[in-house]
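This report concerns only the one structure given below.
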Amino acid sequence: MYFKWMKSFSLQDLTRAQMLNTFAIPKPTDPPDAIFELKDKEKFYVITGLDATGAWTISGKTGNKDESLRDYVRSGNGPIQFYQPIGLSEVIFTGVDKVFGYDIFAVTTL
Numbered sequence: 002m003y004f005k006w007m008k009s010f011s012l013q014d015l016t017r018a019q020m021l022n023t024f025a026i027p028k029p030t031d032p033p034d035a036i037f038e039l040k041d042k043e044k045f046y047v048i049t050g051l052d053a054t055g056a057w058t059i060s061g062k063t064g065n066k067d068e069s070l071r072d073y074v075r076s077g078n079g080p081i082q083f084y085q086p087i088g089l090s091e092v093i094f095t096g097v098d099k100v101f102g103y104d105i106f107a108v109t110t111l
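Heads up: take any position in the sequence shown, counting from 1, add 1, and you land on this note's numbering.
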């Protein structure tokens, strides 16, 4: 990963990550009741959009140091592109068919 050896990164590096670390991950199908989650201690996920045919929920943890503000939950219906991307370190999706975004190396793990 591009950022693994860096202790900090600039705005230019963040822009580069949007191109180098882009992902489009479909919902796991094996087993059929598998939990759709993104959970890697070395990555910080930036969610830019998702595909869903019905109601969906995103729940996860933000990078906020204040424990009372760390949990994040958002719900909606149908496909959506987020105008302001959502940055989360751990994410669980319910009702989502595919998620789009990019990841950056987590400088500090939560």
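C-beta: ideal position from N, C-alpha, C; glycine also.
- Our two residues, Ile87 and Arg17, have alpha carbons roughly 18 Å apart in a direct line.
- Under DSSP, Gly61 forms a beta bridge with Tyr73 and Val92.
- The DSSP-derived three-state label of Glu38 is strand.
- Looking at the DSSP output, Thr23 sits in a beta bridge with Tyr103.
- Gly50 has Gln82 and Phe101 as its beta-bridge partners, per DSSP.
- At the C-beta level, Thr54 and Asp98 come within 8 Å of one another.
- Taking 8 Å as the cut-off, the beta carbon of Phe24 is found no closer than this to the beta carbon of Tyr73.
- Distances from the CA of Glu91 to each of Asp14, Phe101, Asn22 and Gly64 were compared; the closest alpha carbon is that of Gly64.
- Annotated as distal: Phe101 and Leu21, with beta-carbon spacing of 8 Å or more.
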